[in-house]
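Trainee: The sequence shown begins at 6 in the working numbering and counts up by one. Don't be surprised by glycine CBs; every beta carbon is placed ideally from N, CA and C. Structure in C-alpha cells, see below.
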Amino acid sequence: MKNKYDVIIIGGGPSGITAALAAGRLNVSTLLVERYGFLGGMSSSALVYPWFTFHDLSGNQVINGIAQEIVDELKMKGGSPGHMRDSSGFVWSITPFDKETLKSVVLSMLSNSNVDILLHSFVSEVQIVDQTITKLKTVGKYGNSELEGKIIIDATGDADIAFLSGAPVTLGRFGDGKVQALSLIFRLGGVKTEPIQRYYIEHPDEFYTPAVPIDREKLPLTGVSGFFEHWKNAPAGIPRDRFLFFVGPRKDEITVNTTRILDINPTQPEQITQAEISGRQQVEQLTVFMKDSLPGFENSYLLETATQVGVRESRRIVGQYSLNETDVINGPFFPDVVARCGYPIDIHMPDDASMKLVDFKTSYGIPYRVMLPQKIKNLLVTGRAVSCTHEAFSSLRVTAPVMALGQAAGTAAALSIKKSVSPTFINVSQLQALLLESKAIL
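If you want it as C-alpha cells, here you go:
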C-alpha cells in the first residue's frame, strides 16, 4: 500500500464510508483509515440500530444518493427490508439492517470505487506546516507509520484530526461542556413480538405519544418507546424513564437501547472505560428484569452486547458557520446547502433521565460551511463533529444525515483536488451540481 493519496478519510463509519465512495468515484486516489478490523462505525461496533431517518415527519424522503445506494445493496443481499414506517411514531421511517451484511456490502462497494482501506490503525499525531496538514502519523501493531494526503477528511465522530491539528473545537453543550448520555446497546433473542404488540395496542397510555399519526393495529411492530408503568419497578441506578427497543433484524430478536450513563467525557480514556463497565452492569440488570417483567420476554436471552459503548456526543469543530436550533426548526435557505435532515431535536439530557424533543414536519438544509474548520486549510470534517450547537447537533447526529454529509465531504475533497484549491475556495455551485448528479437531495 502506498502512503501518499489525494484524499485520506479517517474513520470508517457511515459518514467516512460515503465520503470515501464519493471521492473514489470521482477518480482521485483515496484511502479510508479505520481503527477496528471492520467498517460501519457506530452501526457495527456500537449496535446503533436501526438507521434514523431518510424521511421527514411528513413522509418526504430527504436523503438519497450514496446513502440510499447502500440501503439498496443491503436489500439485494437480504440485509435490510429497506425503509419501514416507525411503529412508535417517533419518526416517519426507520431503516433496519443486518450489521454483518453491512460490513461486507460496504467493503465491496469501496473496492469497486477504487478506495484503498487501512484497518487496525489510529492517527496519533498530525504534522502542520503553514496551516496545512502535511503528514498523518498512524500507530498500530506494526508500530508507527506516516501518511500524506492533499485533502484530509475527519470522519472520526470526535473531531480527532481537527483537535490534533489545533483547529478550534468545542465539547458538549454551551456553558458546562456536558454531553448527551451514553448507552451500551445489546441484543436479546427468544422474544415474541405478538404479546408486545398486543399490549402496545391495548395500553396506548403506557407508550410514547406519536409525533406521526399511526395505526397501531395495522403497522408491523418495529420499535417500542415506553412501558412506563413497568419502568417504575426497573433496577435502581439506571437514569432512564422508559424502555426503548427495536425489532429485528431477525425474527424473535430485538435491539435494546435502554442503558444510560451520565457525566462522562468520551474523549478521556479513564471516563470512557468507566462508561463501558457501567453499561455492562446495566445490561446484566436489564436482561433479567425484562425477562421477568415484560410481555413477550419470558424466554428471552442475551445474544450480544456492543463492541463499545455508544457515544451520542463528543467534540465538534468551530467552523465557518455553526448550525443552531433556530436553523433546525425554521429551515432557512442556505445558498451553500449540501445535505438535508428530517430528524427532530432529540436530546438525551446530560444530567438526568429526561429527554428534550422538538418536532418539525419538514426538513432543513445543512450548509457546506459547517464542514470547514478554522485555521486548517486542507481539512474537511464530516459526520456528527461538524460545526453546530448542542441543540442542532442533537438532530443531525443520526446515521442517515451523517451519510449525506459524508457524500458532500468526499465530493468537495475531490473537487478541491481537481481544481487545485483548498476546500474553502471551491465553487459551491459545482459541488452542488455534482451532488445532484449523484442523486443527493438538496
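At the level of alpha carbons, what is the spacing between V375 and G46?
Mentor: Distance between the alpha carbons of V375 and G46 is about 21 Å.
Trainee: Taking all protein chains shown into account, decide if E207 is buried (16 or more other Cβ within 10 angstroms of its Cβ) or exposed.
Mentor: Under this definition E207 is an exposed residue.
Trainee: Given T23, which residues of its chain have a CB within under 7 Å of its CB, disregarding the five upstream and five downstream residues?
Mentor: Result list for T23: I71, A72, M408, G411, Q412 and G415, in chain order.
Trainee: So what does DSSP say about S98, is it helix, strand or coil?
Mentor: In this structure, S98 counts as strand in the three-state DSSP scheme.
Trainee: Starting from H60, follow its DSSP beta bridges and name the residues at the other end.
Mentor: Q66, per the DSSP bridge assignment.
Trainee: For V363, which three-state DSSP category applies?
Mentor: Reduced to three states, the DSSP call for V363 is strand.
Trainee: From the DSSP secondary-structure annotation, give me the bridge partner or partners of V184.
Mentor: None; V184 has no bridge partner.
Trainee: State the start and end residues of the unbroken beta strand (DSSP E) segment that holds E151.
Mentor: Note, E151: beta strand (DSSP E), G148 to D159.
Trainee: If you reduce the DSSP assignment to three classes, tell me which class D341 lands in.
Mentor: In this structure, D341 counts as coil in the three-state DSSP scheme.
Trainee: Output needed for S20: all residues of its chain with C-beta closer than 7 Å, excluding positions within five of it in sequence on either side, in chain order.
Mentor: These residues qualify, in order along the chain: A160, T387, G388, V407, M408, L410 and G411.
Trainee: In terms of residues, what are the limits of the alpha helix (DSSP H) holding D121?
Mentor: No alpha helix (DSSP H) holds D121; the beta strand (DSSP E) holding it covers V120 to L123.
Trainee: CB of L176 to nearest heavy atom of the ligand MG: below 7 Å?
Mentor: Of ligands this structure carries none, so the ligand MG is not represented either.
Trainee: Run through the stretch 173-240 for me and flag every whole beta strand (DSSP E) of 3 or more residues, listed as ranges in chain order.
Mentor: Runs found: 174-176, 191-194 and 228-231.
Trainee: In chain order, what residues of the same chain have a beta carbon less than 7 Å from the beta carbon of V323, not counting five sequence neighbours either side?
Mentor: Same-chain partners within the cutoff: P173, V174, T175, Q379 and S392.
Trainee: In or out: Q273 buried (at least 16 other Cβ within 10 Å) or exposed?
Mentor: Answer is exposed; the Cβ neighbour count stays below 16.
Trainee: Straight-line CA distance for G42 to T278?
Mentor: Going from the Cα of G42 to the Cα of T278 covers about 20 Å.
Trainee: Spell out the partners DSSP gives L328 in its beta bridges.
Mentor: L328 pairs with C393.
Trainee: Within 10 angstroms of the Cβ of Y54, are there 16 or more other Cβ atoms? Answer buried if so, exposed if not.
Mentor: Buried is the call here.
Trainee: Between which residues of its own chain and E281 is the CB-CB distance below 8 Å, once the five residues before and five after are set aside?
Mentor: The answer, listed in chain order, is L189, Q313 and V314.
Trainee: Taking a contact to mean a Cβ-Cβ separation below 8 Å, would you say V316 touches L187 in this structure?
Mentor: Going by C-beta atoms, V316 is nearer than 8 Å to L187.
Trainee: Could you give the distance in angstroms between the alpha-carbon of I1 and the alpha-carbon of N117?
Mentor: Residue numbering for the chain in the displayed model covers 6 to 447; residue 1 lies beyond these limits and cannot be assessed.
Trainee: Leaving aside the five residues before and after Q202 along the sequence, list all residues of the same chain whose C-beta is less than 6 Å from its C-beta, in chain order.
Mentor: For Q202, where only same-chain residues beyond five positions count, the Cβ hits under 6 Å are L226.
Trainee: Is it buried or exposed for S98, if we count other Cβ within 10 angstroms and need 16 for buried?
Mentor: Buried.
Trainee: Between which two residues does the beta strand (DSSP E) carrying T260 extend?
Mentor: First-last of the beta strand (DSSP E) with T260: I259 to V261.
Trainee: Indicate whether the contact test is met: 3 or more Cβ pairs, each with one atom in the stretch 93-107 and one in the stretch 139-159, closer than 8 Å.
Mentor: No: fewer than three Cβ pairs fall under 8 Å.
Trainee: Does the contact criterion of 3 or more C-beta pairs under 8 Å hold for the stretch 291-298 versus the stretch 22-40?
Mentor: Taking 8 Å as the limit for Cβ pairs, the verdict is that the stretch 22-40 does not touch the stretch 291-298.
Trainee: Quick check: I15 and I166, are their CB atoms within less than 8 Å of each other?
Mentor: Against a cut-off of 8 Å, the Cβ pair of I166 and I15 comes out as a contact.
Trainee: Between R402, G17, Y306 and D11, which lies nearest to L115 when the distance is taken from Cα to Cα?
Mentor: For the residues R402, G17, Y306 and D11, the minimum Cα distance to L115 belongs to G17.
Trainee: In this structure, how does DSSP classify D356 when only helix, strand and coil are distinguished?
Mentor: The answer is coil: DSSP assigns D356 none of H, G, I, E or B.
Trainee: Roughly how many angstroms lie between the CA atoms of T263 and V229, to the nearest whole one?
Mentor: The alpha-carbon atoms of T263 and V229 are separated by roughly 11 Å.
Trainee: According to the Cβ coordinates, are A397 and T58 closer than 8 Å?
Mentor: The answer is no: Cβ separation not under 8 Å.
Trainee: From this set, S425, I158, D163 and T198, which residue's C-alpha is nearest L36's C-alpha?
Mentor: Considering only alpha carbons, the answer is I158.
Trainee: Considering only the beta carbon of each residue, do V333 and E258 sit closer than 8 Å?
Mentor: In this structure, E258 does not lie closer than 8 Å to V333 by Cβ.
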